[in-house]
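Chains A and B supply the protein sequences, listed in that same order. The working numbering puts the first residue of the first sequence at -4, with every later residue one more than the last. The working numbering puts the first residue of the second sequence at -11, with every later residue one more than the last. See structure below.
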Amino acid sequence: MVVTILVLLPVVFLLWQAGHAGWGTIWPLIFRSLTWTLLLNTIELGVIVTVCTAVLGVAAAWLIERTNLPLRRFWRAVVVLPLAIPDFVIGYTWLSLTPVVHGLFGASLVMTLGLYPLVYLPVAAALRRVDSSLYEVARSLGLGRFRALLRTVLPQIRAALLGGCLMVLLGLLAEYGAFEILRFQTFTTEIFTEFNLGINPAAASALSLVLVVLSVLVIGAELMLTRSVAVRAGRPSGGVRRYRLGWGAVPSLLFMAVLIGLGVGVPASTLIYWLTQPADLVGIAPIPLLGAAGYTLLYSFLAALAATVAAFPVAYLAVRHPGRLSRLLERLGYLVQGLPGLVIALSLVFFAVRLAYPLYQSPALLVIAYSIMFFPMALISLRASLVQLPRRFFDTARSLGCSPMSALLRVTIPLAAPGIAASVALVFLSAVTELTATLLLVPTGVQTLATAFWAYQSQVSYATASRYAALIVVIAVVPGVFMSRWLDPSRSSARGAGVRGLIRSITRGGRP
Amino acid sequence: MTALSVSGVYKSYADTPVLRGVSLAVAPGSLTAILGASGAGKTTLLRVIAGFEAADAGTIELAGQVVDGGQSRGRVPPERRHIGFVPQDGALFPHLTVHGNVAFGLARSARHGPFVDELLELVGLSGLGGRYPHELSGGQQQRVAIARALAPRPRLVLLDEPFASLDASLRATVRAEVLGALRAVGTTGVLVTHDQDEALSVADYVAVLRDGVITQAGPPREVYSAPADPWTAGFLGTANLVPGVLQNQGVRTALGWHEMRAGGQLPNGGGEVTVLIRPEQITLSPHSPDGITGKVTEARYHGHDALIAVDVADAGVLQVRMLGTGAPAPGDEVSLTTIGPVTVWPEGSF
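Written as structure tokens, this is what we have:
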């Protein structure tokens, strides 16, 4: 409970800051024409990217999970790779390739390619569970191919699809780096500008409030649209029969090749191209690559530990004592997930400046920011693995003479180890690729990989920037590979059982 | 002195009463089976005894020591009750080897001694200490589970339907080995089951649990042949319930005059009663005109034996158990003879 209150503090600070500036100052700042421009931009982008990611994500998931598409194992491995490349790196590679990619078009292209795995993952997980016999029964009842798909398969992936779209929308609202690079004006870029230009905290907090309201609206809409569907556990009893593509395999392969080519191939090859170019130091003191990497690793790892340690008691209590309290915690965690990192970082800046000045620009504040931002991820991972643990293990340990604490240490925690590892890895990965909060909160005199990349990139030193971007991607891919090995649904070892449930609930719309 | 004494225990989950005044006494060194249909409260009773759940009211005593008096004060936590627990599917810790599982409840110094190997030998698993639970068969897992429960030398071992998930062919063997291990060390056992064959064949003492109340407790023969009420009679096995009238210190039914089992409450004076005749108390012989006769309506052949339904005038259709060889066919006319004392309840005691 205490942990959750701490996690929610940013919202309180934000309101307090707005109140401090006076509502008389805040209201005109909210209702000015700039706000409407930003809102329009955001809605346009939201509609385009959500529709595109939904189509691409569902198509890729169906081809990989339910058809006899050739090279399925390869596609399954590479189709989620864009998640390991930060969106700001994708944006930078496209812009450095051709200046045509900018504005609404550029932002739509880059965000679609960067975010479609968020739809793919839950939909693929749902499709894997859909029983072929349902489709066959529908066909036997006189429905054509397409109508049978529409009426049997679609309802079963609806919740997953909506959950994926929610994550895409929240991702769009929170994104800063890619939009700044592509010169596309949204709330985040504007908040950042207001904040950096002589620190106009009133305007920044006014716009942050609008952003928070938008996030809450998105979450609310998702909650209303999602009916709780009874999800059948375990393997489909009627078996999974794959749809035979026949000659359709050729366009299908082409589709996958183009998708992966644009989503992974272009960023990767552009990055490699810039890596081979000589460094172009322009007007900035050189930032040591390894030093920046060291800071990134240190802060990300500390945040991963802190978030996991903080989330464990919450997850444990929620699983062990289900009820109103745990539902409340669940909702609150969900809300935090909807808060853009920029808002959390800003509120921590306000907090430090006003209440705890020694913390301002200290490493601790950055680690705290990461921990709050990625607390929900840790909570989801831990909860998912704890839910899989039957209570019998704990009880049996008690009957063999263990006190509750010792039963926790000797049985529950070792058995939850995959979930704990996943939690640490997820938070670590997210913190390594984080840019927005890092830019605001990085300690004085310190450069992480992300801030160093940002500094060079803003000076159009694309070749130098590529070194830092490449290292971020490499560091992010390592836990990514580690996790996909653990999370691979085809691996069926005893210890994998808990982890498969974990990815299932993570991908089920990202809700704890 | 009883090893375990449960008196008047109540337990509800969110307004749904599960245990409604359960009382039970278990003698030291004995094996007691708690027999009940699913939902009767068997598992809840075990969990309350083990201390995983708290009793709402009532008392639980272990060898004279109160471990749960229905109040949080003085309630002994599970780890200090010294009760071994064998859950339904064994619940072996998947992150530990067989040796690690068995040694789990031992003091650190005793974990590497010969004791663990002795226990594994007792349950017939010598040499498998290095295996992990998922490398064992279901029967082996249950044997590890009993070894693990016995390792800290508990005062009492609770077994929660430990054989229900095993294949029928395997069940009898594993059951014999697990319960054999329990008897070898002389530990008191309480076995929960919904299988009346299991309860009657292995336990020294059977307690029938129905809707959160123990309806009857006693040695298997007594409970089977002299059930407390018609419901218990039917729950423990096939029961023919025939109307009768008290007569000459015995009872007369459509099947003739029967000796009555001693005990039981009977209506004063004469009167109408319900009579329990077990299927194996009736023998069939070829039709002869001067006996009780009936017509076979159905013959269910089970191999080793057969269950024959015989329609008898004034008694209805009766079930008769006989050896599989020489069983009559539907339509045959047969004569019936009844053996042994019968159990009698006052009319309307259903």
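Note that beta-carbon positions come from the ideal geometry of N, C-alpha and C, so glycine has one too.
CB contact check: B:H83 to chain A, cutoff 8 Å: Along the second sequence, read from residue 1 onward, the residue named residue 83 of chain B stands at position 95. Interface residue, yes.
Strand pairing of B:I296, partner residues [DSSP]: For the purposes of this step, residue 296 of chain B is identified with residue 308 of the second sequence, where counting begins at 1. Answer is B:A287, B:V308.
Extent of the continuous alpha helix (DSSP H) run through B:N228: The residue given as residue 228 of chain B occupies position 240 in the second sequence. First-last for B:N228: 228 to 235, but that is the beta strand (DSSP E), not the alpha helix (DSSP H).
Given 8 Å, three or more beta-carbon pairs between the stretch 27 to 34 of chain B and the stretch 169 to 181 of chain B: yes
Supposed contact pair B:D77 and B:S125 - C-beta distance, whole angstroms, cut 8 Å: Here residue 125 of chain B refers to the residue found at position 137 when the second sequence is read from its first residue. Here residue 77 of chain B refers to the residue found at position 89 when the second sequence is read from its first residue. Not quite, the Cβ-Cβ distance comes to about 13 Å (not below 8 Å), so this is no contact.
Range of the contiguous alpha helix (DSSP H) that encloses A:I38: Residue 38 of chain A sits at position 43 when you count from the first residue of the first sequence. 28 to 61 is the span of the alpha helix (DSSP H), which, as asked, contains A:I38.
Test: A:I418 CB closer than 8 Å to a CB of chain B: Within the first sequence, numbered from 1, the residue matching residue 418 of chain A stands at position 423. Looking at the sequence provided, one finds Ser at residue 418 of chain A rather than Ile. No - not a single Cβ of chain B is within 8 Å of the one on A:S418.
Through-space distance from B:G29 to B:T4, alpha-carbon basis: Sequence index remark: in the second sequence, residue 4 of chain B carries index 16 (1-based). Sequence index remark: in the second sequence, residue 29 of chain B carries index 41 (1-based). B:T4 and B:G29: Cα-Cα distance of roughly 11 Å.
CB contact flag (B:N236, B:L306, <8 Å): Numbered from its first residue, the second sequence carries residue 236 of chain B at position 248. Numbered from its first residue, the second sequence carries residue 306 of chain B at position 318. Not a contact, by the Cβ cut-off of 8 Å.
Cutoff 6 Å; reference B:P140; Cβ partners in own chain excluding five residues on either side: Stepping through the second sequence from its first residue, residue 140 of chain B is reached at position 152. Same-chain partners within the cutoff: G93.
Residues within the stretch 120 to 138 of chain B neighbouring chain A, beta-carbon criterion of under 8 Å: Within the stretch 120 to 138 of chain B, the residues whose Cβ lies closer than 8 Å to some Cβ of chain A are Y120, P121, H122, R136, A137, listed in chain order.
Short-range partners of chain A found in the stretch 66 to 78 of chain B, where Cβ spacing is below 7 Å: P66, E67, I71, G72, F73, P75
As assigned by DSSP and simplified to three states, the class of B:M(-11): On the second sequence, residue -11 of chain B is found 1 positions in, with the first residue counted as 1. It is coil, neither helix nor strand.
Check whether A:V213 and A:L165 have beta carbons under 8 Å apart: Taking the first sequence and counting its residues from 1, one reaches residue 213 of chain A at position 218. Taking the first sequence and counting its residues from 1, one reaches residue 165 of chain A at position 170. Cβ distance < 8 Å, so A:V213 and A:L165 count as in contact.
Where the alpha helix (DSSP H) containing A:Y171 begins and where it ends: Taking the first sequence and counting its residues from 1, one reaches residue 171 of chain A at position 176. Where A:Y171 is concerned, there is no enclosing alpha helix (DSSP H), given that its DSSP letter is neither H nor E.
Whole-angstrom distance between B:A79 and A:D82, CA atom to CA atom: Residue mapping note: residue 82 of chain A aligns to position 87 of the first sequence, counting from 1. Residue mapping note: residue 79 of chain B aligns to position 91 of the second sequence, counting from 1. If you take the alpha carbons of A:D82 and B:A79, they lie about 45 Å apart.
Stretch-stretch touch, CB-based, cutoff 8 Å, three pairs: the stretch 32 to 41 of chain A with the stretch 366 to 381 of chain A: no
Neighbourhood of A:I363 by C-beta distance below 7 Å, restricted to the same chain and skipping five residues each side: Here the question's residue 363 of chain A lines up with position 368 in the first sequence. Result list for A:I363: L343, in chain order.
Residue range of the beta strand (DSSP E) that includes B:E49: Taking the second sequence and counting its residues from 1, one reaches residue 49 of chain B at position 61. Its beta strand (DSSP E) spans residues 45 to 50.
Under the three-state DSSP convention, the category A:E131 falls into: Position 136 of the first sequence, counted from the first residue, corresponds to residue 131 of chain A. A:E131: helix per DSSP, three-state reduction.
B:V322 versus B:L50, B:H292, B:S276, B:A301, residue with shortest Cα-Cα distance: Residue 322 of chain B sits at position 334 when you count from the first residue of the second sequence. Nearest of B:L50, B:H292, B:S276, B:A301 to B:V322, Cα basis: B:S276.
Where B:I202 falls: helix, strand or coil (DSSP): Position 214 of the second sequence, counted from the start, is the residue given in the question as residue 202 of chain B. For B:I202, the secondary structure class from DSSP, reduced to helix, strand or coil, is strand.
Local Cβ density within 10 Å of A:R386, reported as buried at 16 or more and exposed below that: Along the first sequence, one-based indexing puts residue 386 of chain A at 391. Exposed.
Where the beta strand (DSSP E) through B:S273 begins and ends: Translated into positions along the second sequence, residue 273 of chain B becomes position 285. For B:S273, the enclosing beta strand (DSSP E) starts and ends at 270 to 274.
Exposure of B:Q53, with buried meaning 16 or more beta-carbon neighbours within 10 Å: Position 65 of the second sequence, counted from the first residue, corresponds to residue 53 of chain B. Exposed: under 16 other Cβ atoms inside 10 Å.
Residue from A:S456, A:T37, A:A305, A:R61 whose Cα sits closest to the Cα of A:I415: The residue given as residue 415 of chain A occupies position 420 in the first sequence. It is A:A305 whose Cα lies nearest to the Cα of A:I415.
Contacting residues, own chain, Cβ-Cβ under 8 Å from A:V105 (five flanking each side not counted): Counting from one through the first sequence, the residue named residue 105 of chain A turns up at place 110. Cβ within range, chain order: D82, I85, G86, W89, V96, A173, L177.
Short CB-CB distance (under 8 Å) between B:G93 and chain A: Position 105 of the second sequence holds residue 93 of chain B. Yes, B:G93 counts as interfacial toward chain A.
Any 3 or more C-beta pairs closer than 8 Å across the stretch 239 to 249 of chain B and the stretch 326 to 333 of chain B: By the C-beta criterion, the stretch 239 to 249 of chain B is judged to be in contact with the stretch 326 to 333 of chain B, since at least 3 inter-stretch pairs fall below 8 Å.
Which of helix, strand or coil DSSP assigns to B:T23: Working through the second sequence from its first residue, we reach residue 23 of chain B at position 35. One detail in the question is off: residue 23 of chain B reads as Leu in this sequence, not Thr. Note: B:L23 maps to strand in three-state DSSP.
Opposing strand residues paired with B:P5 [DSSP bridges]: The residue given as residue 5 of chain B occupies position 17 in the second sequence. Answer by DSSP bridge pairing, in chain order: B:S0.
Beta carbon of B:V190 nearer than 8 Å to that of B:L167: Here residue 190 of chain B corresponds to residue number 202 of the second sequence, with the count starting at 1. Here residue 167 of chain B corresponds to residue number 179 of the second sequence, with the count starting at 1. Yes, they are a contact pair.
Alpha carbon of B:T20 to alpha carbon of B:S60, nearest angstrom: Start at 1 with the first residue of the second sequence, and residue 20 of chain B comes out as number 32. Start at 1 with the first residue of the second sequence, and residue 60 of chain B comes out as number 72. Approximately 28 Å between the Cα atoms of the pair.
Beta strand (DSSP E) segment containing A:S456, residue limits: Within the first sequence, the letter at position 461 stands for residue 456 of chain A. Note, A:S456: premise wrong, no beta strand (DSSP E); not H, not E.
Cross-strand partners of B:E165 (DSSP beta bridge): Here residue 165 of chain B refers to the residue found at position 177 when the second sequence is read from its first residue. DSSP, once it has assigned bridges, lists no residue as partnering B:E165.
Within chain B, the residues that A:F345 reaches when beta carbons sit closer than 8 Å: Taking the first sequence and counting its residues from 1, one reaches residue 345 of chain A at position 350. Within 8 Å Cβ-Cβ: nothing; A:F345 doesn't reach chain B, min ~45 Å.
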